[in-house]
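All remarks here apply to the structure that follows.
Residue numbers (the UniProt record's numbering): 1 to 333.
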């Protein structure tokens, strides 16, 4: 692909979010859905700036929550465009918390996100951007992009599988919720629900079966890789299904299916996304604790969960390597 050359260093977008009490849970730590929204907000802004036009989130590699942001801290979110194809842009997003008083910044979250360049009718378009590493410091991010191109291939296959599916969520202790999308759920495209708003709803819904079944307070530890099969549009009735698919000593894996349809113009729902969230049981001080009540899961379901957990832990190791490179770029600005 040839086109307008964009150095990774020049693609940086930085957002600063003070963490107020309204952004936190009962323990004074940043709400997982709020953090995910801010990470996606930064990624979306970086992709649109690079594409010089509209983009929508097409896929996301694991969004890890590595440590909690706390009330009174400032959350700095950095987003770099690290790779491109003809119609997509891959964005690395890193967040760190900076306590008041000048203490050492603390890594909070990392994610790789893929955005699709679209026109005003939300049809994919070529963006004409060729992303390149213009310094030794950014070469590891190019490697991250190559890794993500390979890692997301199964997601692309999954997209084809879920796009036409109307099957209910395959999980136990399922819960369902509905809401209508409205203009306040959009960002730059006035007809499409923004991913940052959707993830807040996803996080809220994932907590419902986890808390209700176990009777424990729960915090979000992260979201697995996800691909979006179709957008949710203004006026759509969005259905969120959540259920338990795995359990560890102090954590639960919760699957969330997002579906949508316009009850005025459509007669069947379409799948928007299917993903897994990891929820951790915590005590009154916000520290991890054993699950008070464990769900009953079949051997087959537990085996599938353990394989996903293995992949998740492998991705987390890669995430920490990327964080070191991201921190070097931040310090070298």
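Virtual Cβ for every residue (Gly too), placed ideally from N, Cα, C.
What is the residue span of the beta strand (DSSP E) that residue i lies within?
i: residue 196; result: Where residue 196 is concerned, there is no enclosing beta strand (DSSP E), although the alpha helix (DSSP H) it sits in stretches over 195-214.
i: residue 276; result: 270-282
i: residue 217; result: 217-223
i: residue 113; result: 106-117
i: residue 230; result: Segment: none, residue 230 is in no beta strand (DSSP E) and carries neither H nor E.
i: residue 61; result: 55-65
On the three-state DSSP scale, how would you describe residue i?
i: residue 82; result: strand
i: residue 130; result: strand
i: residue 255; result: strand
i: residue 167; result: coil
i: residue 12; result: coil
i: residue 21; result: helix
i: residue 266; result: coil
Can you find the residues in the same chain that come closer than 6 Å, C-beta to C-beta, to residue i, ignoring five residues on each side of it along the sequence?
i: residue 301; result: none
i: residue 235; result: 262
i: residue 14; result: 78
Below 7 Å CB to CB, which residues in the same chain sit around residue i once its five sequence neighbours on both sides are set aside?
i: residue 47; result: 55, 81, 89, 91 and 115
i: residue 259; result: 239, 269, 270, 271 and 272
i: residue 24; result: 30, 31 and 71
i: residue 204; result: 33
i: residue 172; result: 243, 244, 295 and 297
Would you call residue i buried or exposed, if buried means 16 or more other Cβ atoms sit within 10 Å of its Cβ?
i: residue 320; result: exposed
i: residue 290; result: exposed
i: residue 285; result: exposed
i: residue 231; result: buried
i: residue 283; result: exposed
i: residue 178; result: exposed
i: residue 16; result: exposed
If I follow the unbroken alpha helix (DSSP H) through residue i, where does it start and stop?
i: residue 321; result: 299-331
i: residue 141; result: 139-151
i: residue 41; result: 32-51
Would you say residue i reaches chain C, if we count a Cβ-Cβ gap shorter than 8 Å as a contact?
i: residue 214; result: The question asks about chain C, but that chain is absent: this structure has only one protein chain.
Enumerate in chain order the residues of its own chain whose CB-to-CB distance from residue i is below 8 Å, with the five nearest sequence positions on each side excluded.
i: residue 20; result: 71
i: residue 415; result: Any question about residue 415 goes unanswered here, given that the chain covers just 1 to 333.
i: residue 152; result: 59, 61, 114, 225 and 227
query = Any contact of the region 60-67 with the region 101-108, i.e. 3+ C-beta pairs under 8 Å?
reply = yes
Stretch-stretch touch, CB-based, cutoff 8 Å, three pairs: the region 86-103 with the region 314-327 = Contact between the region 86-103 and the region 314-327 is present, with at least three C-beta pairs closer than 8 Å.
ask   = Any contact of the region 195-208 with the region 25-39, i.e. 3+ C-beta pairs under 8 Å?
value = yes
task = Evaluate the contact criterion for the region 138-148 versus the region 209-219: three or more CB pairs, one atom per stretch, below 8 Å.
result = no
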